[in-house]
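All residue numbers for the sequence shown refer to the working numbering, where the first residue is 1 and numbers rise by one.
In what follows, a structure is listed as structure tokens, so that the remarks can point back to it.
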Amino acid sequence: MTNERRVLVHPNKQALAASVAARFLTKVGDIVAEHGDAHIVLTGGTIGIGSLAAVNESPSRDSVDWSKVHFWWGDERFVPSGDRDRNELQAREALLDHIAVPASNVHAFAASDEVGSLEEGVAAYTAELARFSPDGGQWPRFDITFLGVGPDGHIASLFPNLAGIRVTDVPVISVENSPKPPPLRLSLTRPVINSSERVWLVLAGADKASALGLALAGASYFEVPAAGAKGRRRTVFFVDQDAAAEVPEELIAESY
1 MTNERRVLVH
11 PNKQALAASV
21 AARFLTKVGD
31 IVAEHGDAHI
41 VLTGGTIGIG
51 SLAAVNESPS
61 RDSVDWSKVH
71 FWWGDERFVP
81 SGDRDRNELQ
91 AREALLDHIA
101 VPASNVHAFA
111 ASDEVGSLEE
121 GVAAYTAELA
131 RFSPDGGQWP
141 RFDITFLGVG
151 PDGHIASLFP
161 NLAGIRVTDV
171 PVISVENSPK
181 PPPLRLSLTR
191 PVINSSERVW
201 LVLAGADKAS
211 ALGLALAGAS
221 YFEVPAAGAK
231 GRRRTVFFVD
241 QDAAAEVPEE
251 LIAESY
């Protein structure tokens, strides 16, 4: 199985979200049939949440046995529970509250009013990841990891030229100086992201074109973190036409 990168270009954001949703539903069904369960890492952002909403709106939504699916997050804003900035809240409203997924299968990062500090949040999520490791390791077998990409090339809460993108010895880090508000965050590290069987980067808009072009051109992942995201089996960039402006023609795939 090749793990080469593929870029799938869609005419607009709506078509992009619908395509991601259709592929997600098909793939999750296949994964559950093969392994008996599935572990999915979610992202936030407009198009990430829009893709979850498209899953909810799909007529095939209930073809998946959601009781066998576990949901995790690549990062979270360290704000109170119920805050509109929380990726968890947005994902629940878009999809999770509408499907028959057990509460025990939804693995959210701690909110700032649930633990006493960022480091307690790191410890709690580190323990939760290890609890679902199939082999006594540090984290589960992740089947699909969704990532958004910022205009600066950041993924999860791993930002260019900050310490977090270089961390390889722990699965979860705290971020106290995010250049994008809010400043306090929790994030998976690059080794966890890249352990996923499939990494799906979903991005839209002309402001993402430069970061995408640099990531595909082999930029340093210290400077463009998206350049360092790579699934074990597949790495797919799902993009709209505006974001694809600087993608070399030979990297654009007709299908996945």
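No residue lacks a Cβ here, since even glycine has one placed at the ideal position from N, Cα and C.
Kindly identify the DSSP beta-bridge partner or partners of residue i.
i, result
"Phe24", "Phe24 pairs with nothing; no bridge assigned."
"Leu201", "Leu147, Phe237"
"His70", "His39"
"Val172", "Leu188"
"Leu158", "Ile155"
"Ile252", "Val7"
"Glu114", "Per DSSP, none; premise fails for Glu114."
"Arg77", "Arg185"
"Val106", "Phe71"
Pull up the distance between the alpha-carbon of residue i and that of residue j, whole angstroms please.
i, j, result
"Ser174", "Lys27", "31 Å"
"Gln138", "Gly121", "16 Å"
"Pro151", "Gly29", "32 Å"
"Ala199", "Glu4", "It should be noted that the sequence gives Val, not Ala, for residue 199. When rounded, the distance between both Cα atoms is 11 Å."
"Leu257", "Ser60", "In the structure as shown, the chain starts at 1 and stops at 256, and residue 257 therefore has no counterpart that could be examined."
"Pro179", "Ala103", "33 Å"
"Asn56", "Ala21", "8 Å"
"Ala243", "Asn12", "10 Å"
"Gly213", "Arg185", "27 Å"
"Asp169", "Gln14", "39 Å"
"His154", "Asp85", "18 Å"
"Lys230", "Ala245", "21 Å"
"Asp143", "Glu197", "5 Å"
"Ser58", "Ser19", "11 Å"
"Asp83", "Gly148", "20 Å"
Identify, in the order they occur along the chain, each residue of the same chain with its Cβ nearer than 7 Å to the Cβ of residue i, setting aside the five sequence neighbours on each side.
i, result
"Ala219", "Ala227"
"Met1", "Note that Met1 scores 42 on pLDDT, short of 50, meaning its location in the model is unreliable; the coordinates nonetheless yield the value given after this. Same-chain partners within the cutoff: Arg233."
"Ser133", "Trp139, Pro140"
"Asp65", "Val32"
"His98", "Asn56"
Mapping DSSP to helix, strand and coil, what is residue i?
i, result
"Val224", "coil"
"Val64", "coil"
"Asn56", "helix"
"Gly82", "coil"
"Ser210", "helix"
"Ala17", "helix"
"Ile99", "coil"
"Met1", "With a pLDDT of 42 at Met1, under the threshold of 50, the modelled position of that residue is not reliable, and the figure given next carries that caveat. Looking at Met1 - three-state DSSP - the assignment turns out to be coil, as it is neither helix nor strand."
"Gly136", "coil"
"Arg166", "helix"
"Asp242", "coil"
"Asn177", "coil"
Let me make sure I understand the geometry here. Which of the options has the alpha-carbon closest to that of residue i?
i, options, result
"Pro171", "Lys230, Leu188, Phe132", "Leu188"
"Pro182", "Ser63, Val64, Ser67, Ser112", "Ser112"
"Asn177", "Arg190, Arg77, Ala38, Ala15", "Arg77"
"Gly116", "Ala245, Pro80, Ala54, Asn161", "Pro80"
"Gly50", "Gln241, Leu8, Leu16", "Leu16"
"Ala156", "His107, Ala18, Asp135, Ile193", "Ile193"
"Pro225", "Ala253, Val9, Ala163", "Ala163"
Leaving out the 5 sequence neighbours to the left and right, which residues in its chain are closer than 6 Å to residue i when beta-carbon positions are compared?
i, result
"Ala110", "Gly121, Ala124"
"Ala206", "Asp242"
"Ala209", "Ala243, Ala245, Glu246"
Considering only residues of the same chain and omitting the five flanking positions on each side of residue i, which have a CB-CB separation below 8 Å?
i, result
"Leu268", "In the structure displayed, the chain extends from 1 to 256; residue 268 sits before or after that span and is not available."
"Val101", "Trp66, Ser67, Val69, Phe71"
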